[in-house]
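**Q** Dropping a structure here in structure tokens format, bear with me for questions.
2 protein chains.
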Amino acid sequence: MTVRMKDIAADLGVSVVTVSRALRNRPDIAEATKARILERVKRLNYRPNLTARSLVTGRSSLIGLVVPDLIHPFFGEIAKGLSARLRDKEYYLIVSSSESDPQLEQDEVEHMLAHHLDCFVVASSRKDTDSLRRIDEAGVPLVLVDRRFPGFASHFVGVDDVKVGELATEHLIAQGCRRIAHIRGPQTSIGNARAEGYSNALARHGIKLPDSYVVACGEASDSDGETRGRRAMEEILALKPCPDGLFCFNDTIAVGAMDRAFEAGLRIPKDIAVVGCGNFHYSSKLKVPLTSIDQKSREIGERIAKLIVSLLEKPHSARSRSIVLEPELIARESSRLR
Amino acid sequence: MTVRMKDIAADLGVSVVTVSRALRNRPDIAEATKARILERVKRLNYRPNLTARSLVTGRSSLIGLVVPDLIHPFFGEIAKGLSARLRDKEYYLIVSSSESDPQLEQDEVEHMLAHHLDCFVVASSRKDTDSLRRIDEAGVPLVLVDRRFPGFASHFVGVDDVKVGELATEHLIAQGCRRIAHIRGPQTSIGNARAEGYSNALARHGIKLPDSYVVACGEASDSDGETRGRRAMEEILALKPCPDGLFCFNDTIAVGAMDRAFEAGLRIPKDIAVVGCGNFHYSSKLKVPLTSIDQKSREIGERIAKLIVSLLEKPHSARSRSIVLEPELIARESSRLR
DNA sequence: CGATTTTTCGTTAGCGTTTACGAAATGTGC
DNA sequence: GCACATTTCGTAAACGCTAACGAAAAATCG
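Chains as they are written, first to last, in my numbering: chain A, 784 to 1121; chain B, 784 to 1121.
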């Protein structure tokens, strides 16, 4: 059925190893025979069986990508950037969308491990490192995206999330807001970092606000971001005096929050200026285009790809590299007050 | 390093095959020994090496997904639905985003073939069947999404695109529009089918319009949908008398077209009612929420998964199955005239 | 209790490739 | 033309698993 090395070797009267050498561009083969073999390979449309190769070399050319939600713009862009860069090196991406379900994520990682992937890229939705530890035990390189786990050895690529919070809050302050609320994310490294940035900026400007100005909106797995944003906005609407600025953990939440604000008769940005995070591609097309912090998702994907390639080409390079990108604020109408 | 069957077998004083039998739940093994083995397997955290298994069984548990653009809401949803359903059966998804580049797509398919995938799911951006034929030659089952290639044997899952065009156009007519323009898609089965539906609906109502009411907007690979939509809208603005209704090939193009219409001082839907296609998740949140035809992307993904599972479980089932779903119109403000 | 069936297990071979090693062919120095 | 290094190739074994077969053990039957 399908053509194997054996067939080509038999056809040309050489041994299988010689064919193998020609295909992998080994030095210990005469140019003439190599040419002869490659000609036949091309003519028969032969492709080496990577499964077999993988079994003996121990390298599968497969990269595992585990994200909470494939359709989420942030992770989607990462997948795209990663895929584009990995292509040249003939690595392929095995993806898993864990639906922000910690148990599912753990199972997926477990199963993917059986495919003997060369590297894992994980944006974990877990609070612990249980699934990551299994990867570590298996001796597979691991790149963390977006989430950090202090004390756990792995590589990291992402933006500086403290700066994200600072950028957003500083911007609102610069626009003249003084009563700035924050719809914070989950109790993870990201959620905490952004909230920390928010506090930093306020402190820097001597603005003191009650704790009630920071409202939680549950976990990513609770329900979709919009309804969580709407719920959080309820709480904010109840604050007296009403905030004049709002920094949301991400754009999806901001969309829900803004929707609710409109229903309450508020005008954006006049009554309350809003800043989101993620700069999702639809954020510029909303009823009121949303100011947002760009997380450089595309660039993150490409940087991960580069990191992986260097990791796999010289396995004993850096033990634990950390690539931190600068976030960027994209100002739009939702915060334009002057 | 990593534990193998051999190790477990040696530990327990049984043969490797016995371990294999226990793991695959074979009938020809005593319950007692099976239990003994499974206990040890669990305790050692053993997972069979799928690469090795794949080499001998010829089945990799890997499904290839080739789409023009992973971040496109339609394909993203499909990937998600597919991944979710395949999970239970322990199949994994290898994805490739071809960036709507026909050459890239061909190369990707070629490379993926080397991984000996169990099945291909392709939303082709090619006009010919060159890459698909290679899949066919390799004897790998193929499911086509969204695009059909008449005369080419494969499975198909997607919506009825003629009906998409009819639904959109009938709706505009029902809203009172009579001069209905169409920004058509590329010269592929989808583009043609939707344009055909548009013509059908007009004919059914005895509406005759000049050819200039159908404007092309280039290929998907030309540039992003929005700028293509803007460009197409230029042509439409030049029509005398100006159309009072517009059916766009997809939502992204509709966004561009509407943007340009706003700039020209038109009001939507009052001056021109707009219907898109795809019902992307941001379409309801636009400045003017967009009426759109839902393509059932999530359902498509799930149906594909079911099809694949049945294909792989009984390989000699139907030769060429075709699953056609009904599109659904979601009415919003952009076409609300009465 | 011996003959026969059924259950349980081990042996051998092979999936398609690469690695390690050694042998043959070719080239180089004098 | 001989000793040696270099280039080019082939043989054997292995990667971790499963398929096919047959042997041993246990169960069933008259």
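Using N, Cα and C, we set each Cβ at its ideal position, and we do this for glycine too.
Among 950/A, 966/A and 1103/A, which residue has its Cα nearest to the Cα of residue 994/A?
**A** Working through the first sequence from its first residue, we reach residue 994/A at position 211. Checking every option, the nearest Cα to that of residue 994/A belongs to 966/A.
**Q** In its own chain, which residues sit with a C-beta less than 6 Å from the C-beta of residue 874/B, not counting the 5 before and 5 after it?
**A** Mapped onto the second sequence, residue 874/B falls at position 91. Once the five neighbours on either side are set aside, the close Cβ partners of residue 874/B are 844 and 846.
**Q** Let's test the definition: count the other Cβ atoms within 10 Å of the Cβ of residue 859/B and tell me whether it reaches 16, buried, or not, exposed.
**A** Within the second sequence, numbered from 1, the residue matching residue 859/B stands at position 76. Counting Cβ neighbours within 10 Å, residue 859/B comes out buried, since at least 16 surround it.
**Q** Can you tell me the Cβ-Cβ gap for residue 1028/A and residue 955/A, rounded? I've got them flagged as a contact below 8 Å.
**A** By one-based count along the first sequence, residue 1028/A stands at place 245. By one-based count along the first sequence, residue 955/A stands at place 172. Correct: roughly 4 Å between the Cβ atoms.
**Q** Any chance the region 1000-1019 of chain A sits against the region 1060-1072 of chain A, with 3 or more Cβ pairs inside 8 Å?
**A** Short answer: they don't touch.
**Q** Since residue 833/B meets chain A, which of its residues come closer than 8 Å, beta carbon to beta carbon?
**A** Against the second sequence, residue 833/B aligns to sequence position 50. Chain A residues near residue 833/B: 897, 898 and 899.
**Q** Taking the Cβ atom as the reference point for each residue, do residue 925/B and residue 938/B lie within a distance shorter than 9 Å?
**A** As a first step, residue 925/B is located in the second sequence; it is residue number 142 there, counting from the start. As a first step, residue 938/B is located in the second sequence; it is residue number 155 there, counting from the start. Yes. Within cutoff.
**Q** Answer with yes or no whether the minimum CB distance from residue 878/A to chain B is below 9 Å.
**A** Residue 878/A sits at position 95 when you count from the first residue of the first sequence. Chain B, which has a Cβ nearer than 9 Å to the Cβ of residue 878/A, makes this yes.
**Q** Anything in chain B within Cβ reach of residue 1008/A, meaning under 8 Å, just list it in chain order.
**A** Along the first sequence, read from residue 1 onward, the residue named residue 1008/A stands at position 225. The premise fails here: residue 1008/A is roughly 11 Å from chain B at the closest Cβ pair, so nothing lies under 8 Å.
**Q** Could you name the residues of the region 1027-1053 of chain B whose beta carbon sits closer than 7 Å to any beta carbon of chain A, in the order they occur along the chain?
**A** If the cut-off is 7 Å between Cβ atoms, the region 1027-1053 of chain B has 1038 near chain A.
**Q** Would you be able to state if there are at least three C-beta pairs under 8 Å between the region 786-802 of chain A and the region 812-827 of chain A?
**A** The region 812-827 of chain A vs the region 786-802 of chain A: in contact.
**Q** Which residue comes first and which comes last in the alpha helix (DSSP H) that contains residue 949/A?
**A** Translated into the one-based positions of the first sequence, residue 949/A becomes position 166. 944-957 is the span of the alpha helix (DSSP H), which, as asked, contains residue 949/A.
**Q** So residue 863/B contacts chain A; which residues on that side make the cut at Cβ distance below 7 Å?
**A** In the second sequence, residue 863/B corresponds to position 80, counting from 1. The contacting residues are 853, 854 and 880.
**Q** Name the DSSP bridge partner or partners of residue 850/B?
**A** If you number the second sequence from 1, residue 850/B lands on position 67. According to DSSP, residue 850/B bridges with 880/B.
**Q** Starting from residue 1030/B, trace the beta strand (DSSP E) both ways and give me its first and last residue.
**A** Here residue 1030/B refers to the residue found at position 247 when the second sequence is read from its first residue. From DSSP, the beta strand (DSSP E) with residue 1030/B extends over 1028-1031.
**Q** Tell me the start and end of each unbroken alpha helix (DSSP H) in the region 1045-1115 of chain A that is at least 4 residues and wholly inside, in chain order.
**A** Counting whole runs of 4 or more residues, the region 1045-1115 of chain A contains the alpha helix (DSSP H) stretches 1080-1096.
**Q** Report the three-state DSSP secondary structure of residue 967/B (helix, strand or coil).
**A** Along the second sequence, one-based indexing puts residue 967/B at 184. Correct three-state label for residue 967/B: strand.
**Q** Am I right that residue 1051/B and residue 1071/B are in contact with their C-beta atoms under 8 Å? What's the rounded C-beta distance?
**A** If you number the second sequence from 1, residue 1051/B lands on position 268. If you number the second sequence from 1, residue 1071/B lands on position 288. Their Cβ separation, rounded to whole angstroms, is 5 Å, which keeps residue 1051/B and residue 1071/B in contact under 8 Å.
**Q** What three-state label does DSSP hand residue 938/A in the structure shown?
**A** Here residue 938/A is taken as the residue at index 155 of the first sequence, counted from 1. Strand at residue 938/A.
**Q** Taking DSSP's pairing of strands, which residues face residue 892/B in a bridge?
**A** Locating residue 892/B in the second sequence gives position 109, counting from the first residue. The partner list for residue 892/B (beta bridge, DSSP) is empty, contrary to what the question assumes.
**Q** Along the region 914-934 of chain B, where does the CB come closer than 7 Å to a CB of chain A? Name the residues.
**A** Residues passing the 7 Å Cβ filter: 921 and 922.
**Q** Would residue 795/A pass as a contact of residue 820/A if the rule is Cβ separation under 9 Å?
**A** The count along the first sequence starts at 1 and reaches residue 795/A at position 12. The count along the first sequence starts at 1 and reaches residue 820/A at position 37. The answer is yes: Cβ separation under 9 Å.
**Q** Using the Cα positions of residue 997/A and residue 881/A, report the straight-line distance between them to the nearest angstrom.
**A** Mapped onto the first sequence, residue 997/A falls at position 214. Mapped onto the first sequence, residue 881/A falls at position 98. Using only the alpha carbons, I get a separation of about 28 Å.
**Q** Cβ closer than 9 Å: which chain A residues qualify as neighbours of residue 1069/B?
**A** Within the second sequence, residue 1069/B is the residue found at index 286, counting from 1. Within 9 Å Cβ-Cβ: 1065, 1068, 1069 and 1070.
**Q** Mind checking whether residue 922/B and residue 1035/A have CB atoms under 9 Å apart?
**A** Position 139 of the second sequence, counted from the first residue, corresponds to residue 922/B. Position 252 of the first sequence, counted from the first residue, corresponds to residue 1035/A. No; because the gap between Cβ atoms is not below 9 Å, this pair is not in contact.
**Q** Count the other CB atoms, across all protein chains shown, that sit within 10 Å of the CB of residue 886/A; report buried if there are 16 or more and exposed otherwise.
**A** For the purposes of this step, residue 886/A is taken as the residue at position 103 of the first sequence. Looking at its Cβ environment, which holds fewer than 16 other Cβ atoms inside 10 Å, residue 886/A is exposed.
**Q** Pick helix, strand or coil for residue 992/A, following the three-state DSSP scheme.
**A** As a first step, residue 992/A must be located in the first sequence, where it is residue number 209. Coil.
**Q** Between which residues of its own chain and residue 944/B is the CB-CB distance below 6 Å, once the five residues before and five after are set aside?
**A** In the second sequence, residue 944/B corresponds to position 161, counting from 1. The residues are 973, 976 and 977.
**Q** Name the residues in the region 805-835 of chain A whose C-beta lies less than 7 Å from a C-beta of chain B; which are they?
**A** So the list reads 830, 831, 832, 833, 834 and 835, given in the order they occur along the chain.
**Q** Below 8 Å, how does it come out for the region 1071-1091 of chain B and the region 1101-1108 of chain B: are there three or more Cβ pairs, yes or no?
**A** Short answer: they touch.
**Q** Using a Cβ-Cβ distance under 9 Å, would residue 867/A count as near chain B?
**A** For the purposes of this step, residue 867/A is taken as residue 84 along the first sequence, with counting starting at 1. Judged by the 9 Å Cβ criterion, residue 867/A is in contact with chain B.
**Q** Of the residues 806/B, 857/B, 851/B and 816/B, which one's Cα is nearest the Cα of residue 832/B?
**A** The residue you call residue 832/B lines up with position 49 of the second sequence. The option with the nearest alpha carbon to residue 832/B is 806/B.
**Q** By a C-beta neighbour count over all protein chains shown, 10 Å radius and 16 as the cutoff for buried, is residue 929/A buried or exposed?
**A** Your numbering for residue 929/A matches position 146 in the first sequence. Residue 929/A should be labelled buried.
**Q** Quickly, what does DSSP pair residue 997/A with across the bridge? List them, please.
**A** Position 214 of the first sequence, counted from the start, is the residue given in the question as residue 997/A. In the DSSP output, where bridge partners are listed per residue, residue 997/A has 965/A.
**Q** Please return the same chain residues whose Cβ sits closer than 7 Å to the Cβ of residue 888/A, not counting the five positions on each side in sequence.
**A** As a first step, residue 888/A must be located in the first sequence, where it is residue number 105. Result list for residue 888/A: 849, 881, 907, 908, 909 and 914, in chain order.
**Q** Within the same chain, show all residues whose beta-carbon is closer than 7 Å to that of residue 1047/B, passing over the 5 residues directly before and after it, in chain order.
**A** In the second sequence, residue 1047/B corresponds to position 264, counting from 1. Within the same chain, residue 1047/B has close Cβ partners 1020.
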